[in-house]
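I have placed the structure first, in the form of structure tokens, so that the comments after it can refer back to it.
Protein chains in written order, with my numbering: chain A, 1 to 408; chain B, 1001 to 1142.
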């Protein structure tokens, strides 16, 4: 199999003991291949002008980069003809756009917003804001013993009072894939719109927005090999066209008079100010890189790694996987705890072996309260990880309890 | 900083100490301190009578460093006046921020000086100072 690590300059950094990092925090952000870094540099070296502004060739070229990456994103996600792609800073901004523009306009007093207790704060806190401002109610989908959202639970909670459902395609803590199409179908049958946080989904699964039928779908470029500072919001045009702008200013207008303004059509209406063009160019290169390998091939590679990760974690005594330890409907994100050792101490100890995982609440405090664990460790893989990275994690974990004064 | 300098016997002993880990019956000061990035969460309860810190309760949970630091803090401030406790907090936080380095000034921290080296471990600084910041908030401004 191809050694993907060679494409990523960060892995050429070697410490005094000849080790490169065993980077297993891919759910937080991913490393960047040369192709992405080069595309960013190429944009600023040879194509940089302000898109949409200049009538000269260079500005037209910059505009073409923006348009091309938008078209590429649409193809990659199978965006239907009645949908549009808006560039933002990250998934949080995408979700805030929906909350402020759609939520604050259409959610009314007494309406219900349904969300999963496992949502990342970025798809939870904005809805709390909307609910408070509008006098709406938040209703949570709770998880079964495996950590999964079930259709029975969705059927109980999504009712004719539900106006909006906010749900992640894949949990950033449990790594479990939600029955997203069924939930969307159910929500639509009750007249609710569905806002999908696709941050973990887009990076690891083949996404087909036409089939999924989400009304909004948000994710970040930096969790799928792209640069930081670029996010995506997909929306159905029937909503986007009617929604008020989120940010006001340059490049989102049609006519501006002293007392009033008419706005540019979608997507420009939601892209005020100069966009992060270097990151957009890099994001386009990230899609190319992923497409060249193929999302189904990436899923196969990650399934192998995830199987091995689950096996190795299960084999270390005093390590307990939180939620499901099955491979079914999951990506390579695995939360766990070590008996008697706080996750923050685990991460400090692993760090000495140049193994990087995440500890804490992973921006999902309501989930941790629901699971009744104060914090967890989380290992997460991407296509460039190797079984050796996972061996290093497991070996380092074996030594953790000794540092805290336990016999083994 | 090496791990054996961090997880010393002293720090491990205090991190597992349950001496103050019980709710007070009638606390008159309560403050919650959280470190959202890693999930440390402490609730400090104090009973202050005649300007003296009579009783301390440490609830919540956190990593070994935050727990050890909180236990040492509780031991240090028990029986002290509010002013003395504030001085201890200022000195401890100053030690971690490297603004107080004079050995004489640090003496009042007694065993809590074991945390001095943590100033070289940026990822753990917040754990060590969490309980002390919470104490400062609980005691309020002068």
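The beta carbon of each residue, even a glycine, is placed where N, CA and C say it ideally should be.
Remember, predicted model here, so these are calculated numbers, not experimental data.
Test: residue 278 of chain A CB closer than 8 angstroms to a CB of chain B: Among the residues facing chain B, residue 278 of chain A is not included, as its CB has no counterpart in that chain under 8 angstroms away.
C-alpha distance - residue 145 of chain A paired with residue 323 of chain A, whole-angstrom precision: 7 angstroms
Integer Cβ distance of residue 1053 of chain B from residue 1080 of chain B, believed to fall under 8 angstroms: 6 angstroms
In DSSP terms, what residue 137 of chain A is bridged to: A:112
Neighbourhood of residue 305 of chain A by C-beta, 6 angstroms cutoff - its chain only, sequence neighbours within 5 removed: 332, 381 and 385
Cα-Cα separation between residue 183 of chain A and residue 160 of chain A, rounded to whole angstroms: 14 angstroms
Start and end residues, beta strand (DSSP E) containing residue 283 of chain A: That residue, residue 283 of chain A, is in no beta strand (DSSP E); its alpha helix (DSSP H) goes 277-293.
Residue 414 of chain A to residue 339 of chain A span [Cα, whole Å]: Since the first residue of chain A shown is 1 and the last is 408, residue 414 of chain A is not available in this structure.
Residue 1013 of chain B burial status per 10 Å Cβ neighbour count (16 or more: buried): exposed
is_contact[residue 1036 of chain B, chain A] using C-beta, thresh 8 angstroms: By this cut-off, residue 1036 of chain B is an interface position.
Local conformation of residue 327 of chain A per DSSP, three classes: coil
CB contact below 8 angstroms: residue 1085 of chain B versus chain A: no
Pair within 8 angstroms by beta-carbon distance, residue 115 of chain A and residue 166 of chain A: yes
Residue 315 of chain A in three-state terms, based on DSSP: Looking at residue 315 of chain A - three-state DSSP - the assignment turns out to be helix.
Beta-carbon contacts of residue 151 of chain A that lie in its chain and below 8 angstroms, excluding the five residues immediately before and after: 179, 182, 183 and 186
Alpha carbon of residue 299 of chain A to alpha carbon of residue 204 of chain A, nearest angstrom: 6 angstroms
Residue-chain proximity (residue 318 of chain A, chain B), Cβ-Cβ < 8 angstroms: no
Unbroken alpha helix (DSSP H) run spanning residue 370 of chain A, endpoints: 365-371
Interface flag, residue 1007 of chain B vs chain A, CB-CB below 8 angstroms: Closer than 8 angstroms: yes.
Minimum Cβ-Cβ distance from residue 1124 of chain B to chain A less than 8 angstroms: yes
Minimum C-alpha distance to residue 128 of chain A - residue among A:16, A:82, A:88 and A:99: A:99
Classification of residue 1102 of chain B by the beta-carbon crowding that lies within 10 angstroms, buried from 16 upward: Exposed, because fewer than 16 other Cβ atoms sit within 10 Å of the Cβ of residue 1102 of chain B.
Limits of the unbroken alpha helix (DSSP H) element including residue 153 of chain A: 151-157
Top-ranked residue by Cα proximity to residue 122 of chain A, from A:39, A:110, A:199 and A:41: With distances taken between Cα atoms, residue 122 of chain A lies closest to A:199.
Proximal residues of chain A, C-beta to C-beta of residue 1061 of chain B below 8 angstroms: Against residue 1061 of chain B, the close residues of chain A are 342 and 374, in the order they occur along the chain (beta-carbon pairs closer than 8 angstroms).
Nearest neighbour of residue 272 of chain A, chosen from A:42, A:291, A:53 and A:21 [CA to CA]: A:53
Cβ-based contacts, 9 angstroms cut-off: residues of the segment 1047-1081 of chain B near chain A: 1060, 1061, 1062, 1063, 1064, 1065, 1066 and 1067
Minimum length 3: unbroken beta strand (DSSP E) runs contained in the segment 1034-1111 of chain B: 1040-1049 and 1052-1061
For residue 29 of chain A and residue 407 of chain A, the rounded distance between their alpha carbons: 35 angstroms
Simplified DSSP state of residue 33 of chain A, which is helix, strand or coil: coil
contact_flag[the segment 1123-1133 of chain B, the segment 1058-1075 of chain B] where n(CB pairs < 8 angstroms) is 3 or more: yes
Helix, strand or coil at residue 334 of chain A [DSSP, three-state]: strand
Nearest residue (CA-CA) to residue 226 of chain A, options A:261, A:276 and A:125: A:276
Limits of the beta strand (DSSP E) - the one that residue 3 of chain A falls within: Here residue 3 of chain A belongs to no beta strand (DSSP E), and DSSP marks it neither H nor E.
Identified DSSP bridge partners for residue 197 of chain A: A:168 and A:218
Interface residues of chain B facing residue 352 of chain A [CB-CB closer than 7 angstroms]: Those are 1003, listed as they occur along chain B.
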